[in-house]
Amino acid sequence: MLDPVLHVEAEAGRQEVKNTTCYMCACRCGIRVTLRDGEVRHIEGNPDHPLNKGVICAKGASGIMKQYSPARLTRPLMRRPGGARGESDFEEISWEQAFKIMEERLSKLRAEDPKKFALFTGRDQMQALTGMFARQFGTPNYAAHGGFCSVNMAAGLIYTIGGSFWEFGGPDLDRAKLFVMIGTAEDHHSNPLKIAISKFKRRGGRFISINPVRTGYSAIADEWVPIKPGTDGALLLAITHELIKQGLYDRDFLVDYTNAAELVNLDPSSNDYGMFIRADRPVEEGCFDAQNKLWWDRKTNAPVDVRCEGCDPYLLGSYEVDGKPVKTAFQMLKERVVDYTPEWAAGITGVPVETIKRLAYEMGVTARDQKIELPIQWTDVWGREHDSVIGNPVAFHSMRGLAAHSNGFQTIRTLGVLMTLLGTIDRPGGFRHKAPFPRPIPPCPKPPKGPEAVRPNTPLDGMPLGWPADPNDLFVDDQGNPVRIDKAFSWEYPLSVHGLMHNVITNAWRGDPYKIDTLMLFMANMAWNSSMNTERVREMLVDKDQDGDYKIPFIIVCDAFQSETVAFADLVLPDTTYLERHDALSMLDRPISEFDGPVDSVRIPVVPPKGQCKPFQEVLIELGTRLRLPAFVDDKGARKFRDYPDFIINYETSPGSGIGFLSGWRGKGGEKFLKGEPNPRQWEMYAKNNCVFHYELPKSYQYMRNWNKGYLEWARAQGMTRYAEPINVHVYSEVLQKFRLAAQGRRPGRRPPAHLAKRVETYFDPLPFYHETLESELVDTQEYPLNALTQRPMAMYHSWDSQNAWLRQIHTHNYLFVSPRLGVAQGFDDGDWVWVESPHGRVRCMARFSESVEPGTVWTWNAIGKAAGAWALHAKANESQKGFLLNHIIAEELPACEAGAHLSNSDPVTGQAAWFDVRVKVYKADDSEPRATSPQFRPQRRVPGQDGRRGKWQAYFAGMFRRKAGIE
Amino acid sequence: MHPAFSVIFLTTLIGAGQGLFMALVTGQVYSLANLLEPQDNVTFYAAGSALALVLLGFGLVAAVFHLGKPSYFLTRAWRGVTQWRTSWLSRELIALPAFMLLVFLYAVSHYANLTNPLFVIKGQIPVDVTLLLGVIGSLASLVLFVCTAMIYASVRFLQEWHSPLTVANFILFGLASGFTLAAAFSAWSDVALVGFYGVWAVIFTVLAAITRGFSMYRNGRIKHKSTLQTAIGVRHTKIRQRSMGFMGGSFNTREFFHGAGAGSVAAVKLFFVVMVFLVPVALLAASNALGSAYLPILAFAVQYVGLMAERWYFFAEAKHPQNLYYQSVA
Amino acid sequence: MTQLALVIDLNVCVGCHACVTSCKEWNTSGWAGTMVDQRPYDADPTGTFFNRVQMFEVGEYPKTETVHFPKSCLHCEEPPCVPVCPTGASYKREDNGVVLVDYDKCIGCKYCSWACPYGMRELDEQQKVMKKCTLCIDRITDQDLPERERKPACVLACPTTARLFGDVHDPDSEVSIAIRENGGYQLMPEWGTQPANHYLPRRKTRIQIFDDELERADNPLKKEAPLPAAEGETLDDVAY
Ligand SMILES: Nc1nc2c(c(=O)[nH]1)N[C@H]1C(S)=C(S)[C@@H](COP(=O)(O)OP(=O)(O)OC[C@H]3O[C@@H](n4cnc5c(=O)[nH]c(N)nc54)[C@H](O)[C@@H]3O)O[C@H]1N2
Ligand SMILES: Nc1nc2c(c(=O)[nH]1)N[C@H]1C(S)=C(S)[C@@H](COP(=O)(O)OP(=O)(O)OC[C@H]3O[C@@H](n4cnc5c(=O)[nH]c(N)nc54)[C@H](O)[C@@H]3O)O[C@H]1N2
Ligand code: SF4
Ligand code: SF4
Ligand code: SF4
Ligand code: SF4
Ligand code: SF4
Ligand SMILES: [Mo]
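Top line first, the protein sequences correspond to chains D, A and F.
Note that the first sequence covers residues -8 to 959 in this note's numbering.
Note that the second sequence covers residues 2 to 331 in this note's numbering.
Note that the third sequence covers residues 548 to 787 in this note's numbering.
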């Protein structure tokens, strides 16, 4: 063997190095791909990328095995005439044929009833394009993954503080002293969060994790607070109780920057009961809070205009205005939490009283006594000059542990209010926004208002997804019935700002609210891990009506791999991988902004597409052009865009708007950003700059952006926001109260149907409150005493990494992790086969004892279990034989109740899928039963165009692999 | 440890071969010293050592299968002798062929009847080439025993093996099986040394039983130096591994675990105690009484099977500290 | 003498496995490659990895500590795996202390693996030679790479910088300082193998809240009490 020191990498083959953006997950790190003789030699983090600063994760470093995966689709496929759906009975067709089929079918639908075409996209990162396509087509039936993912997190906080965690903002761990992480396992911001937590810990910050399970990040927390799932609302309310009781809140912040001191009308006879009192003077209308509300002044002991010169309001108190009772919003909050004592919460959450109190004190005292003051001058929207930026260094982060429960919206609002009490909104050491946030509460785009928005051959009148501000923004017909197939923006889930993809198949199958014709799924594995009640959903996909026609007549699936869903397609469109295509991670969607300013990025192909693979973007642009959707053709109906890169450069949201998908290097010569004419050399400039555009705001614009005059005016000038008005925190939510009033029949305008009135009235509480999860309210929790959860494994992305020869060795199947106490009580041992049963169904799996789980909780890694034969795995692969999918036992609909028989198993406010509500019992499987998971499915067949079976050995060596493995 | 069949065969076969050779030489020395009736049947030694050579040869074949690839025997095995300064394995790789050569020469010299005395010790013992080769060969055999045994005994991480008892066991098991085989061979070739070898075989078997008994006793109460606490450097009385970091097994889970249940291991232990010690001793005693030619052969066969079980158990009972890192799949 | 090594900080390792796959990715096409996978798409896939991340649970609920534990060759200063090798395939480099295997010499006898108490060697089941972490010798000595990148793949990958790399014999190196200042320790010290790699233990930050931080002078609740107005008679009204 050559001495390694003499080994010269560069001599091993022809080397090329290219930058692009990773897509082994949605984090979007910058990567540097080295090719040897055209094959991927290695993929490393790009050290010059602002997001990941050179690091990479387990998935990102395994990109090679994704690129050369035998699960890759390579040809457009059509279900063989007469072949049964679900059997992978495909024949290869050409792209031309595929386009013809789609063009014919879709143009007919568009001419007759555009809503019969539904486009749902899963974990994609191009909602700007897919949403635009749907709108142009004229269908309201569009959504991406948000509804089954974390819409509670988005809505709960955006409706409270004008921004959120997830991709909208995050904890400033550079400056925080105390970091409280709630219900997070991995998150979208995976690498940056890891970088930040590590630095934070090394700096001596204190890290507390609240989570029923201790793994991953929680493992390195200084303190682990195990909590019963679904009860965080109670914990957070009790902490709020203590903070108020002890006076540990930031009074100045509450007065200046929130609606806490504003007076609420409590006149029981008024139709405006629970609304803020407003001064009688004309104000500009817009999607912002008009500044015409009232305070109660301490000096004059009388109502005054909010933020009037020299006024000093009470934060607490009950008063009378014009003889009618009023209270400050904060007074109402204080009264709300009076009974939410630590003792009360301890019984619900399982967290000891002393711990709850200590958490409150740690938060309160750190926020108050370790204040940060940065010498940064700024001016607030009211024109007051500030010599410094103040920070209360308590940072929170939270994700689906709060979001994926049916009480998540209110819990997350509670968290928002708690963070506000501590005075940590867009301040150093606390929560920080990421552009384009903060946005008005709620943001301006609205869904269409009624069925008339959907018209043949016409783009949809409104955004398919938007932010209702009151009942009149709902997307319902005159009877109050939903217009969308997923019933988003209906009275069932009024603030379902990301749609309810998880109910699409069930609704379409049932024909409730109506039948559709074509369902197009892109990057969503709806026949497996992104459906609830998966076994039944698979049956619905192949179910036929009396005439022998499929209840969902036509299904188009665009995927890059042989996923479970591909088997159910009538038409399969083979997508490229992330190393083979252009992508724009756009400001119009979810960019990768940093706290210090907007950031967006692109992908640029590093290898040519495999086989006939075609980027889905190209498909949409071609289809849009063929269908003559206005955005894709000129006045004469001729093609506007050559291809996707051309589209990205030249598309503007409206003619001459200067706003396009990418915000960097706009203007003819690339001299402008955010807004500016198209720049023909934009791609080159991204390529030259590590595929990323990062605009760093001046320091004085980086904080307090809800109220920062300089920033807001800058954002308006750059076309990020419409208004430069303050975005005051909604400690008290008038938006919610409007829905409640409508449900109470108090306000003019739309009212919910009778059966939903109670529901809307209950859950649209303008103040945070705690309620049990809907499932727990409706099922027998004595019979099903346990909570079942899933967690993201750091080394796997949902369903799509089981095809990855390296990653699947880390998680080749999954166990149900249980407390040994449960095993003892139920008479089973570590490693035994058990049944985990919910009121809805049961799954057989293997148990693994763990001391790092709250004993009332059982959990497993998400989406490791696979259907036999999918993902180019052997039909007897561990994923299908020992791995299991918890989704089978999670119902997509709630048990019938007063509010309806087919309500989604979701948050009643936002329609967020309540994955983590499921209640179960666990018991030993009989020794006579097969040692395999149940349910099992008939092994899925490979599809034409997939690589042949790989042999027993796979020894990857760049530059030789494809030849050796006999690929292409 | 995972018992590798190549190693089980290797050590038992060459052990028996070495023992047989040493039995032959012992016989020759005894007869020269007139403690036994002289064996004028020269082919007895020649054929006997040829038999030993066959066993050694099979052992070598087994050893080849212990290499990563058999082809390495031709292409790379020569490198195996280079590290004799530090590696007992390397030393074995030298000692084994050297010993085989001596056995071969011994056989040839007997076959060629090179019995002219070269010199006479104390006017009593005429020393010829065969005797010289026999004595040197026996020394080499002892060296080989030590080398083989030290391969195991020198691995200090395997505390069950890391003991002089391992060396004693290897030698005594080799001698016991070799002398049993010699008895069997005598019976088969109708040579009147059955009783002589039989007695020695019983003596060695009993001695082996004693040393092996000691080592089992020792191993049963061994306090392993490494614990989960030292393995990961965390001080706590309760540590459990929840995941070894992969799920489909690895070299570490294949090489260092025998995979058999505690019941099977105990059964193997009982089996070898019966087969190695009790049955052969009984059979040899019986053969002495009955003068049957078959019983010694049976005794050897039984003992050899027992020895394979013993060797399996030898591996199975050794717990490698690395196993601390491979406890749980999840 | 130089002794290169890794220092692994258990205080920040979140168990993400980035070091596991980046190691495989770099090395499979490198000097030490390939790193074969067996049954890559079938039941019980297995393969050669130089680095694993394990998980241990310490203590009982609710006082459980979850410890993520990365594990690769420790490049022992007294490597027991080296002298036992009959062929000389296993060796420790004089110049930087890295323990390596020369696959061209190795006969796959596995003896060295028995002599490693840590289970850090893996037989390549296809090539039938012994493999192990090379400390990315082909990266760290590659003069074509910029200085910053002359580090093992796993070190560059690790998002939490839980993996430090350097010369543990140089008292001023980052790794030596980390070991000295953060209680760096060796695995299984009882064997005297003197692993060059060290581990840094968990460290805890606690907050102490004193009563007087809760009884606050600046308690904002004080601002809410309406200024006490005189009600009824006062002393002032009645005193002489
Ligand atoms: N029980 C349970 N279920 C859950 C969750 C949970 O926590 N517990 N989490 C939910 C959440 S938050 C989400 S976001 C969903 C995610 O669920 P999905 O959105 O369905 O996501 P994936 O399974 O990752 O992948 C979807 C499909 O994208 C394909 N794909 C991968 N790369 C490409 C590509 O480049 N192009 C194309 N066209 N296709 C590609 C994959 O092959 C796969 O079929 O799961 C949800 N399901
Ligand atoms: N490696 C990897 N990264 C991913 C993904 C992936 O599949 N793999 N998926 C991406 C996607 S689509 C998403 S949405 C994000 C999601 O990122 P996370 O929100 O981190 O996702 P989950 O793994 O669902 O984690 C939920 C956590 O909440 C805890 N939990 C559950 N119920 C409760 C509760 O009631 N209270 C509290 N306090 N905790 C609770 C669970 O134990 C778990 O630790 O991750 C993204 N990043
Ligand atoms: S975190 Fe996601 S985007 Fe970043 S390297 Fe890993 S897989 Fe790629
Ligand atoms: S990459 Fe770093 S954080 Fe991740 S498992 Fe390895 S050492 Fe731990
Ligand atoms: S860890 Fe094991 S393989 Fe590495 S040098 Fe030490 S003894 Fe040898
Ligand atoms: S397996 Fe190879 S490296 Fe290990 S001892 Fe044998 S010859 Fe040496
Ligand atoms: S140093 Fe290199 S070979 Fe060793 S574990 Fe890290 S990446 Fe793998
Ligand atoms: Mo998600």
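Note that beta-carbon positions come from the ideal geometry of N, C-alpha and C, so glycine has one too.
(message) Against chain A, does Met735(F) count as a neighbour if the rule is that its beta carbon must be under 7 Å from one of theirs?
(response) So yes, Met735(F) belongs to the interface.
(message) Give me the subset of the stretch 849 to 867 of chain D whose CB atoms are less than 9 Å from a CB atom of chain F, sorted by chain position.
(response) For the stretch 849 to 867 of chain D, the set of residues with a beta-carbon nearer than 9 Å to any beta-carbon of chain F comprises Trp862, Ala863, Leu864, His865 and Lys867, in chain order.
(message) Tell me the rounded alpha-carbon separation between Gly874(D) and Asn805(D).
(response) One alpha carbon belongs to Gly874(D), the other to Asn805(D), and they sit about 5 Å apart.
(request) Check whether the Cβ of Gln800(D) lies closer than 7 Å to any Cβ atom in chain A. (result) Gln800(D) counts as touching chain A.
(message) Shorter than 6 Å, the distance from the beta carbon of Arg710(F) to the closest heavy atom of ligand 4, or not?
(response) True, at least one ligand heavy atom lies under 6 Å from that Cβ.
(message) Taking beta-carbon pairs under 7 Å, can you tell me which members of the stretch 616 to 639 of chain F lie near chain A?
(response) Here the close residues are Phe616, Lys618, Pro630, Val631, Cys632, Pro633, Thr634 and Gly635.
(message) Output needed in chain order: residues of the stretch 233 to 253 of chain A with a Cβ under 7 Å from some Cβ in chain C.
(response) Absence of chain C from the displayed structure is noted, the protein chains being D, A and F.
(request) Report the three-state DSSP secondary structure of Lys219(D) (helix, strand or coil). (result) DSSP places Lys219(D) in coil when its eight states are reduced to three.
(message) With a threshold of 7 Å between beta carbons, is Ser841(D) in contact with chain A?
(response) Yes, its Cβ sits closer than 7 Å to a Cβ of chain A.
(message) According to DSSP, simplified to helix, strand and coil, what is Cys549(D)?
(response) If DSSP states are grouped into helix, strand and coil, Cys549(D) belongs with the strands.
(request) Give every residue of the same chain whose Cβ lies closer than 7 Å to the Cβ of Ile126(A), excluding the five residues on either side of it in the sequence, and list them in chain order. (result) So the list reads Leu33 and Ala34, once near-sequence residues are dropped.
(request) Output the boundary residues of the alpha helix (DSSP H) element that contains Phe638(D). (result) Segment Tyr635 to Asn641, the alpha helix (DSSP H) holding Phe638(D).
(message) Taking 6 Å as the cut-off, is the beta-carbon of Thr76(A) closer than that to any non-hydrogen atom of ligand 6?
(response) For ligand 6, not one heavy atom lies less than 6 Å from the Cβ of Thr76(A).
(request) Out of Ile432(D), Gly221(D), Ile367(D) and Tyr240(D), state which residue places its alpha-carbon closest to the alpha-carbon of Gly277(D). (result) Checked all of Ile432(D), Gly221(D), Ile367(D) and Tyr240(D); the closest Cα to Gly277(D) is Ile432(D).
(request) Please compile the residues from chain A whose C-beta is within a distance smaller than 8 Å of the C-beta of Asn498(D). (result) In chain order: nothing, as chain A lies at least about 38 Å away.
(request) Grab me the residues of Phe730(D)'s own chain with a C-beta within less than 7 Å of its C-beta, minus the 5 sequence neighbours each way, in chain order. (result) Pro462, Pro485, Val751 and Phe755, listed in sequence order.
(request) Determine the chain D residues that contact Ala331(A) at a beta-carbon separation under 7 Å, and present them in chain order. (result) Within chain D, the residues Tyr806 and Arg839 have their CB atoms less than 7 Å from the CB of Ala331(A), given in chain order.
(message) Quick check: the Cα distance between Ile855(D) and Met602(F), rounded to an integer number of angstroms?
(response) Taken atom to atom, the span from the alpha-carbon of Ile855(D) to that of Met602(F) is near 18 Å.
(message) Counting C-beta neighbours from all protein chains within 10 Å, is the total for Val722(D) 16 or more, i.e. buried, or is it exposed?
(response) Under this definition Val722(D) is a buried residue.
(message) So Gly421(D) and Pro384(D) are supposed to be a Cβ contact under 8 Å. How far apart are they, rounded?
(response) Right, their Cβ atoms sit about 7 Å apart.
(message) Between Arg77(A) and chain F, is any beta-carbon pair separated by less than 7 Å?
(response) Contact of Arg77(A) with chain F is assigned, a C-beta pair being separated by under 7 Å.
(request) Could you tell me which of Gln800(D), Ile801(D), Arg799(D) and Trp824(D) sits nearest to Val1039(D), measuring between CA atoms? (result) Here chain D covers residues -8 to 959 and nothing more, so residue 1039(D) does not appear.
(request) Specify the secondary structure class of Phe278(A) as computed by DSSP and reduced to three states. (result) Three-state result, Phe278(A): helix.
(request) Could you have a look at Thr851(D) and say whether DSSP puts it in helix, strand or coil? (result) Correct three-state label for Thr851(D): strand.
(message) Using only CA atoms, which one of Lys44(D), Ser181(D), Leu(-3)(D) and Thr121(D) lies nearest to Ala17(D)?
(response) Checked all of Lys44(D), Ser181(D), Leu(-3)(D) and Thr121(D); the closest Cα to Ala17(D) is Ser181(D).
(request) Give a single yes or no on whether Tyr658(F) has its beta carbon closer than 6 Å to a heavy atom of ligand 6. (result) In this structure, Tyr658(F) has its beta carbon less than 6 Å from a heavy atom of ligand 6.
(request) Over the uninterrupted alpha helix (DSSP H) stretch that includes Thr27(A), give me the two end residues. (result) Start and end: Phe6 to Leu33.
(request) If I'm right that Pro434(D) touches Asp452(D) with Cβ under 8 Å, what's the distance once you round it to whole angstroms? (result) With a Cβ gap of about 18 Å, Pro434(D) and Asp452(D) do not count as contacting.
(request) Entirely within the stretch 179 to 215 of chain D and at least 4 residues each: give me those alpha helix (DSSP H) ranges in chain order. (result) The qualifying runs are 181 to 193 and 207 to 210.
(message) According to DSSP, Met837(D) sits in a beta bridge with which residue or residues?
(response) DSSP lists Trp824(D) as partners of Met837(D).
(request) Using a Cβ-Cβ cut-off of less than 8 Å, list which residues of the stretch 774 to 803 of chain D approach chain F; keep chain order. (result) The stretch 774 to 803 of chain D vs chain F, Cβ under 8 Å: Met785, Ala786, Gln794, Ala796, Trp797, Leu798, Arg799, Gln800, Ile801 and Thr803.
(request) Could you work out which residues of chain D lie near Thr740(F), taking near to mean beta carbons separated by less than 7 Å? (result) The premise fails here: Thr740(F) is roughly 23 Å from chain D at the closest Cβ pair, so nothing lies under 7 Å.
(message) Here's a check: name, in chain order, each residue in its chain whose Cβ is nearer than 8 Å to the Cβ of Val844(D), leaving out the five neighbours to either side.
(response) Pro203, Val204, Arg205, Pro217, Phe808, Val809, Ser810 and Trp850, listed in sequence order.
(message) Measuring straight from C-alpha to C-alpha, what distance separates Thr568(D) and Leu26(D)?
(response) Taking the straight line from one Cα to the other gives about 16 Å.
(request) Using beta-carbon positions only, say whether Gly199(A) and Leu285(A) come within less than 7 Å of one another. (result) When the beta-carbon positions are compared, Gly199(A) and Leu285(A) come within less than 7 Å of each other.
(message) Any heavy atom of ligand 5 closer than 6 Å to the beta-carbon of Val554(F)?
(response) Outside the cutoff, so no.
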